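K.L.:
Before I ask anything, let me first share the structure, which is written out below as structure tokens.
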Amino acid sequence: DAMVIQNPRYQVTQFGKPVTLSCSQTLNHNVMYWYQQKSSQAPKLLFHYYDKDFNNEADTPDNFQSRRPNTSFCFLDIRSPGLGDAAMYLCATSRDPGGDEQYFGPGTRLTVT
Amino acid sequence: KQEVTQIPAALSVPEGENLVLNCSFTDSAIYNLQWFRQDPGKGLTSLLLIQSSQREQTSGRLNASLDKSSGRSTLYIAASQPGDSATYLCAVNGGSNYKLTFGKGTLLTVNP
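Protein sequence lines correspond, in order, to chains S and P. Straight run, no breaks: the first sequence in this note's numbering ends on number 113. Straight run, no breaks: the second sequence in this note's numbering ends on number 225.
So, in structure tokens, the structure goes:
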């Protein structure tokens with residue numbers, strides 16, 4: 001039944017050690033999004049893929065990268081995590097951009113030690 | 114730049130009470146507005162989606178309204194229950210990159 005799946009649910013990494021978060025979807029949606037939510041703050045869009053087209057938010061740090069090898073999977077790579085990157089990372093999908101509903105996964109809680 | 118504000122930041126009510134959560138946004142050029150629920154340490158659960166052409170949506174004890182011209186939405190929860198305790202987030206979808214802009218949420222506590 002799961003529609004948007006994120007793995008792992010909890011990730012601990014060391015300062016400066018690259019980490020990859022995974023998102024998969026069974027909805028066959030064209031758009032996949034990555035949001036960052038820091039403690040007690042609103043979720044903030046990092047980037048999104050519309051099919052194979054990558055769209056980066058202007059204020060997303062270069063430390064954050066993304067890959068979408070196929071329709072079902074999307075990855076978030078953090079090249080050199082800092083303490084300030086500790087957050088909940090939320091993946092979402094929608095059929096198309098614009099007026100379509102976004103469906104969210106359960107999130108990955110990232111801790112940086 | 115779209116800004117979304119939610120008032121109040123926190124709300125505590127006794128079980129059974131009807132309540133209203135408020136959301137306002139600065140740019141009325143939106144595609145839709147979504148209300149989400151977030152339990153502590155968890156992801157987002159979509160509650161209701163209102164398209165820009167709609168005035169309201171209902172699901173069970175929840176009713177969301179949208180007044181696009183004034184940049185306001187409300188989420189009405191009828192007969193609140195302790196299980197409704199969570200943070201409720203409002204998000205508007207608009208702009209050239211179709212992103213959701215979220216408010217900071219209202220932390221709701223329903224006391225038995």
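Even glycine gets a Cβ: it sits at the ideal position worked out from N, Cα and C. Note that the structure is a prediction, hence the values are computed from the model and not measured.
If you measure between the beta carbons of Leu83 (chain S) and Trp34 (chain S), is that distance less than 8 Å?
P.N.:
Residue mapping note: residue 83 (chain S) aligns to position 83 of the first sequence, counting from 1. Residue mapping note: residue 34 (chain S) aligns to position 34 of the first sequence, counting from 1. No, the Cβ-Cβ distance between Leu83 (chain S) and Trp34 (chain S) is not below 8 Å.
K.L.:
Report all residues from its chain with a CB closer than 8 Å to the CB of Val126 (chain P); omit the five preceding and five following residues, and keep chain order.
P.N.:
Reading the second sequence from its first residue, position 13 is the one you call residue 126 (chain P). Excluding positions up to five away in sequence, the list reads Leu132, Ser193, Leu221, Thr222, Val223, Asn224.
K.L.:
In the DSSP assignment, find the unbroken beta strand (DSSP E) run with Ser115 (chain S) in it and report its ends.
P.N.:
The structure shown does not extend to residue 115 (chain S), since chain S is modelled only from 1 through 113, so no value can be given for it.
K.L.:
If you reduce the DSSP assignment to three classes, tell me which class Pro61 (chain S) lands in.
P.N.:
Position 61 of the first sequence, counted from the first residue, corresponds to residue 61 (chain S). Correct three-state label for Pro61 (chain S): coil.
K.L.:
Between S:Pro18, S:Tyr103, S:Ala87, S:Asn56, which has its C-alpha nearest Arg9 (chain S)'s C-alpha?
P.N.:
Within the first sequence, residue 9 (chain S) is the residue found at index 9, counting from 1. Among S:Pro18, S:Tyr103, S:Ala87, S:Asn56, the Cα nearest to that of Arg9 (chain S) belongs to S:Ala87.
K.L.:
Nearest to Val19 (chain S) by alpha carbon, out of S:Tyr89, S:Pro97, S:Gln102?
P.N.:
By 1-based counting over the first sequence, the position of residue 19 (chain S) is 19. That would be S:Tyr89, whose Cα lies nearest to the Cα of Val19 (chain S).
K.L.:
Who are the near neighbours of Asp152 (chain P) in its chain, counting only those whose CB is closer than 7 Å to its CB and skipping five residues on each side?
P.N.:
Stepping through the second sequence from its first residue, residue 152 (chain P) is reached at position 39. Cβ within range, chain order: Ala199.
K.L.:
By the criterion of Cβ-Cβ separation under 8 Å, what are the contact partners of Tyr103 (chain S) in chain P?
P.N.:
Working through the first sequence from its first residue, we reach residue 103 (chain S) at position 103. Those within 8 Å of Tyr103 (chain S) in chain P are Ser159.
K.L.:
May I ask which residues mark the beginning and end of the beta strand (DSSP E) holding Pro127 (chain P)?
P.N.:
For the purposes of this step, residue 127 (chain P) is taken as the residue at position 14 of the second sequence. Element bounds for Pro127 (chain P): 123-127.
K.L.:
Would you say Asn176 (chain P) reaches chain S, if we count a Cβ-Cβ gap shorter than 8 Å as a contact?
P.N.:
Here residue 176 (chain P) refers to the residue found at position 63 of the second sequence. For Asn176 (chain P), the answer is no, since every Cβ of chain S falls outside 8 Å of its Cβ.
K.L.:
Whole angstroms are fine: how far does the CA of Thr71 (chain S) sit from the CA of Ser39 (chain S)?
P.N.:
As a position in the first sequence, residue 39 (chain S) is number 39, starting the count at 1. As a position in the first sequence, residue 71 (chain S) is number 71, starting the count at 1. Distance between the alpha carbons of Ser39 (chain S) and Thr71 (chain S) is about 30 Å.
K.L.:
For Pro43 (chain S) and chain P, any beta-carbon pair shorter than 8 Å?
P.N.:
Against the first sequence, residue 43 (chain S) aligns to sequence position 43. Output row for Pro43 (chain S): interface = yes.
K.L.:
Rank S:Leu21, S:Gly16, S:Val4 by C-alpha distance to the C-alpha of Leu110 (chain S) and give the top, closest one.
P.N.:
Residue 110 (chain S) sits at position 110 when you count from the first residue of the first sequence. It is S:Leu21.
K.L.:
Quick one: what does DSSP say Ser85 (chain S) is sitting in, helix, strand or coil?
P.N.:
Position 85 of the first sequence, counted from the first residue, corresponds to residue 85 (chain S). Rather than Ser, the amino acid found at residue 85 (chain S) in this sequence is Asp. Three-state result, Asp85 (chain S): helix.
K.L.:
Under a three-way DSSP split, which group does Gly207 (chain P) fall into?
P.N.:
The count along the second sequence starts at 1 and reaches residue 207 (chain P) at position 94. Correct three-state label for Gly207 (chain P): strand.
K.L.:
Give a yes or no on contact between the region 89-102 of chain S and the region 23-34 of chain S, applying the rule of three or more CB pairs nearer than 8 Å.
P.N.:
The region 89-102 of chain S vs the region 23-34 of chain S: in contact.
K.L.:
Would you report the Cα separation of Cys136 (chain P) and Thr13 (chain S), rounded to the nearest angstrom?
P.N.:
Working through the second sequence from its first residue, we reach residue 136 (chain P) at position 23. Working through the first sequence from its first residue, we reach residue 13 (chain S) at position 13. Going from the Cα of Cys136 (chain P) to the Cα of Thr13 (chain S) covers about 36 Å.
K.L.:
Are the region 95-113 of chain S and the region 115-129 of chain P touching by the rule of at least three beta carbon pairs closer than 8 Å?
P.N.:
Segments in contact, no.
K.L.:
Checking contacts by CB at 8 Å: is Gly98 (chain S) closer than that to chain P?
P.N.:
Along the first sequence, one-based indexing puts residue 98 (chain S) at 98. Yes, because at least one Cβ of chain P sits closer than 8 Å to the Cβ of Gly98 (chain S).
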